[in-house]
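Residue numbers (our numbering): 3 to 84. Cβ atoms here follow ideal geometry from the backbone N, Cα and C, with glycine treated the same way. Remember, predicted model here, so these are calculated numbers, not experimental data.
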């Protein structure tokens, strides 16, 4: 999972997720019609809250924190994956 997120620049080499990573993921989700463009602020807020949750749960950036981030993102509150 980390390799895929890193490939698309959604995280860095050390499992960190910065604001520009969040913007990249939001852009990706909008460009590929996963979410409508008018929901950008909601999506970015959701992604930021997922970063916060994964950091609280795992303390340091790691493979586990990226997996927690992914599961939070795909909780189907804003983003629906089939």
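For residue j and residue i, the rounded distance between their alpha carbons
{"i": "residue 22", "j": "residue 81", "result": "19 Å"}
{"i": "residue 73", "j": "residue 39", "result": "22 Å"}
{"i": "residue 7", "j": "residue 35", "result": "18 Å"}
{"i": "residue 28", "j": "residue 62", "result": "23 Å"}
{"i": "residue 15", "j": "residue 60", "result": "17 Å"}
{"i": "residue 30", "j": "residue 52", "result": "17 Å"}
{"i": "residue 13", "j": "residue 44", "result": "20 Å"}
{"i": "residue 55", "j": "residue 37", "result": "22 Å"}
Rounded distance between the beta-carbons of residue j and residue i, thought under 8 Å
{"i": "residue 26", "j": "residue 11", "result": "5 Å"}
{"i": "residue 67", "j": "residue 17", "result": "6 Å"}
DSSP state of residue i mapped onto helix, strand, coil
{"i": "residue 25", "result": "helix"}
{"i": "residue 54", "result": "helix"}
{"i": "residue 61", "result": "coil"}
{"i": "residue 45", "result": "helix"}
Are there three or more Cβ pairs, one per stretch, closer than 8 Å when the stretch 38-53 is compared with the stretch 71-80? yes
Does the structure place the stretch 55-71 close enough to the stretch 20-34 that three or more beta carbon pairs sit under 8 Å? no
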